[in-house]
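In the UniProt record's numbering, the protein residues as written are 1 to 60.
Glycine included, each C-beta is placed from N, C-alpha and C at the ideal position.
None of these values were measured; they are calculated from a predicted model.
Below is one structure, written out as structure tokens, with a few remarks after it.
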């Protein structure tokens, strides 16, 4: 029996290669890598704005 997914509680699927085992959740996509996304910006800067800022800073 495989362990349960820490994210959604469903059963994890195990994959093994050369004696090393990894787990993934087919239901939610969890792959065993915890990540904190709370620091990510709510909106992304557009390429146009980024290039404008780059050229503006380059003029100094």
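In whole angstroms, what is the alpha-carbon distance linking residue i and residue j?
{"i": "residue 55", "j": "residue 48", "result": "11 angstroms"}
{"i": "residue 14", "j": "residue 21", "result": "7 angstroms"}
{"i": "residue 46", "j": "residue 40", "result": "15 angstroms"}
{"i": "residue 1", "j": "residue 38", "result": "Residue placement at residue 1 cannot be trusted, given a pLDDT of 49 that sits under 50; the coordinates are not used to answer."}
{"i": "residue 51", "j": "residue 43", "result": "17 angstroms"}
Report the residue from the options whose alpha carbon sits nearest the alpha carbon of residue i.
{"i": "residue 8", "options": "39, 17 and 24", "result": "24"}
{"i": "residue 26", "options": "40, 39, 10 and 6", "result": "10"}
{"i": "residue 29", "options": "19, 57 and 6", "result": "6"}
Would you check if the distance between the CB atom of residue i and the CB atom of residue j is smaller than 8 angstroms?
{"i": "residue 3", "j": "residue 17", "result": "no"}
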